[in-house]
Amino acid sequence: MSIIKYKTLKDVPKEEFLVPGTPLCAGCGALQVMRLFHKALGGDVVWVNAAGCVTLMATFPYTPLKSSWFYIAMPSAPAGAQGIRDALDILIKKGKLDPTENLKVVVVTGDGAASDIGLQATSGAIHRGLDFFYLCVDNEAYGNTGFQASSSSPMGSGTATTKPTHLYPAGNVLPKKDLFEIWRSHRPPYVATISPSHVIDMLRKVEKSLSFKGPKLFLALSPCPTGWGAETSESVKLAKLAVETGIWPLKEAVYGEVTHTYIPSKRKPVEDYLKVQRRFAHLFKPVKNESIIAEIQKQVDEYWSKVEH
Amino acid sequence: MSKECDKSGEGDGMVLKMLTGSQAVAWAARLARVDYIPAYPITPQTEIIEILSEWVRKGEMDAMFVQMESEHSLLTAAGTAAATGARVFTATSSQGLLYGFEMLYNIAGWRAPLVLVNVARALAAPITLEPDHNDVLAARDSGFLQFHTENVQEALDLVLLAYRVAEDHRVLLPAIVNIDGFHLSYTRESVDLPEQSAVDEFLPEYKPVNPIRASAPVAKGTPVLIPPLYSFFKYQMHMASRNALNVFMDAAKEFERLFSRTYAPVEEYMLDDADTVIVMSNSFTSIGKQAVNAMREEGHKVGLLKIRLFRPFPTDDIIKSLRGKRCVVVIDQNISVGKGGITCPEIAEALYHLEDRPKVILPVIAGLGGKSISLEEFKHAVRVANRLASLRAGPDGPLLLFREDEAVLVESLLKLASGGQ
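Taken in order, these protein sequences are the chains called A and B. If you read the first sequence in this note's numbering, its first letter stands for residue 63, the second for the next number, and so on. If you read the second sequence in this note's numbering, its first letter stands for residue -17, the second for the next number, and so on.
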């Protein structure tokens, strides 16, 4: 386990593993999360990726990573991690590979790969107790293909396949799938939610997870300027609003036991978060859709009512 | 695992065993000292993974066995493990191969030289159990090398040869070894089990190219968004696959030296003076050879050509064997619906530009879903081909073999299904 204690932003490691110059969008929340996440992980990492926005990070012949990268396929990045982890283990065990060549195996996918097409492979890898990290960068839709709805898209959001119409004034009518709980139900050593706005919380969680062998799973809110419809400079601010409104709870579960790592003392109204994003604009214009906004607020309040007492 | 009949050979350390096809390929994986076996059960492949898991659990094999949650994940893990530097063996069948299909192209594109045994089983729907080759031939264009086996000994030997060819740095492509479900997988034959020391000599340790290591970071599987780059990498794979022809010939020579068994990309059976040649592959070839014997006894100059190496396609061997023949009868145990057999057009293309090409190349569909091929059907196909040759005519479509007794059976079952109407 790392001896670094993260207390203030001054404690963020200076070493960069993800250098500037990627083809990802300006203001990409996923990029911010990966950069910080990698700092806490340290070196000797192989990233294992499923199809999504971050796939474009390493496009032949370039890579912005100082660590290794393996793009697999959309449904099976965790299985790709299994093959790499197992191969390293057996080669080291058989004396064919020097233990200094060992790597941390880290899956990074979007929410579509995590919650939809790759859920089976993820469940399999967690069930087998695979010693790996999974970082899901959740921008709440299929961003790379033009922001179509995923099962991680929140109710009330507009996406390219859930456009608000007079028949569907809410936009997306389906609830956001609770991936944290799906992961947690497997009772892995470590599951956490993180946000690019709460850097110390993130780094501490990564540091803590390093002491566990087995699946270490992270769900990161990843603001998406193009899909969410916000300025590129607003990403961290949006992520912070998601936490302060209680929409994105920061928590962890160690072998299934949940602890909230940050409880907003007074939650801001969800409206503050919704009204600054184009994907929720139909809830405010041409007329304010009070009932849907109230429903979103109610769901958040209900969640926290179970946390607080 | 079922009991084996051990019988030591005479003097040369040879061991004869009665093995099923499943046992034989499991032995091949063991003798190849594979590092990693990701698995997922499907009939008729299961005996292979049951045996291997037991050997690993008993410590008889120094390998890691992992049961995955699907064939898609199984193929993914197999590919990334091979790219990380492990020698990987796995097996699947039919629907399983198709379920993981996109990974076949990925594994080949990663240039990850693992060996996959496909236990052939016809594809749903209708769902069934017995073999034809639509499953393995669906993988025809993926970049996997393909070895098709007729008997249990060949199944064992070709797994060893497949590793040697696949891992050669002039090739670096994965390989499928096909064994027919039931007909090979569950059929016990006498097998010469190679000595471990000889296999070790034949099969040196796998040396991966640019594996994933802490000391030398790599980026694998990255998108290439410039079309000429994509074409370049696909051509590289194609040329590597063509290299596999010579690499296979060299490996086969070494194999013959060590094990006294000879393997070429194709096998000729009574071909020298034949005017009509039946072209076949896999386990039904044994039935074809019996038919050739019977037709020979009746005075017909019939021979048989077995395709053993299907990818890379052994064009030169096929030309050598079939040029100057009067009729070629290509029996495809598969069907490309709306066209016909999958291999026949490949044979025809190989022969087209020859002055002395056969007068008739007759496409025949037989053995779908494990339907047997009777002597009478072989004779019929040969008669049809020769009649067309006499008439200087070509076939107007593939010959779909179906016997009268089968038609009666099917009719009675259709009647039953429709409530006797």
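Cβ coordinates follow ideal geometry from the N, Cα and C atoms, glycine included.
DSSP links residue 314 of chain B through a beta bridge to B/347.
Residue 67 of chain B places its beta carbon less than 8 Å from that of residue 193 of chain B.
For residue 130 of chain A, a Cβ of chain B is located within less than 8 Å of the residue's own Cβ. Here the alpha carbon of residue 198 of chain A sits roughly 23 Å from the alpha carbon of residue 326 of chain A. Within the DSSP secondary-structure output, residue 204 of chain A pairs in a beta bridge with A/210. Distances from the alpha-carbon of residue 96 of chain B to those of A/337, A/145 and A/178 put A/145 closest. Contact between residue 283 of chain A and residue 247 of chain A does not hold, since their C-beta atoms are separated by about 21 Å, which reaches or exceeds 8 Å.
Cβ-Cβ distances below 6 Å link residue 296 of chain B to 247 and 248 in the same chain, with the five nearest sequence neighbours on each side left out; the list follows chain order. The closest CA to that of residue 362 of chain B, considering only B/305, B/274 and B/2, is found on B/274. Exclusion of the five residues before and after residue 175 of chain A leaves 112, 114 and 136 as the residues of its chain whose Cβ lies within less than 6 Å of its Cβ. In the three-state DSSP reduction, residue 373 of chain B falls in the coil class, being neither helix nor strand. Listed in chain order, the alpha helix (DSSP H) elements of length 4 or more contained wholly in the region 303 to 327 of chain A amount to none.
In the same chain as residue 195 of chain A, and ignoring 5 residues on each side of it, the C-beta atoms closer than 6 Å to its own belong to 168 and 278, in chain order. Only those residues of the region 191 to 217 of chain B whose C-beta falls short of 7 Å from the nearest C-beta of chain A are listed: 194, 195, 196, 197, 199, 200, 201, 202, 203, 204, 205, 206, 207 and 211. Unbroken alpha helix (DSSP H) runs of no fewer than 4 residues, entirely contained in the region 126 to 156 of chain A, are found at 139 to 155, following chain order. When only Cα atoms are considered, residue 81 of chain B and residue 269 of chain B end up about 31 Å apart.
Nearest neighbour of residue 133 of chain B by Cα position, chosen from B/159, B/121 and B/120, turns out to be B/159. Chain A has no Cβ within less than 8 Å of the Cβ of residue 78 of chain B. Identification of residues in the region 62 to 73 of chain B having a C-beta nearer than 7 Å to some C-beta of chain A yields 62, 63, 66, 67 and 68, given in sequence order.
Taking C-beta separations shorter than 6 Å and ignoring five residues to either side along the sequence, the partners of residue 184 of chain A in its chain run 140, following chain order. CA-CA distance, residue 319 of chain B to residue 23 of chain B, rounds to 28 Å. Contacts with chain A at 8 Å (Cβ-Cβ) do not include residue 151 of chain B. Of all residues in the region 8 to 34 of chain B, only 17, 18 and 20 place a beta-carbon less than 8 Å from a beta-carbon of chain A. The continuous stretches of alpha helix (DSSP H) do not include residue 283 of chain A, which lies in the beta strand (DSSP E) extending over residues 277 to 283.
Under a 10 Å Cβ-count criterion, residue 220 of chain B is classified as exposed, with fewer than 16 other Cβ atoms of the shown protein chains found around its own Cβ. At least one C-beta of chain B is nearer than 8 Å to the C-beta of residue 163 of chain A. Apart from the 5 residues on each side of it in sequence, residue 233 of chain B sits with its Cβ closer than 7 Å to the Cβ of 143, 146 and 147 in its chain, given in chain order. In the DSSP annotation of this structure, the continuous segment of the beta strand (DSSP E) that includes residue 128 of chain B starts and ends at 127 to 130. Boundaries around residue 258 of chain B are those of the beta strand (DSSP E), 258 to 262, since no alpha helix (DSSP H) includes it. 8 Å or more divides the Cβ of residue 138 of chain A from the Cβ of residue 204 of chain B.
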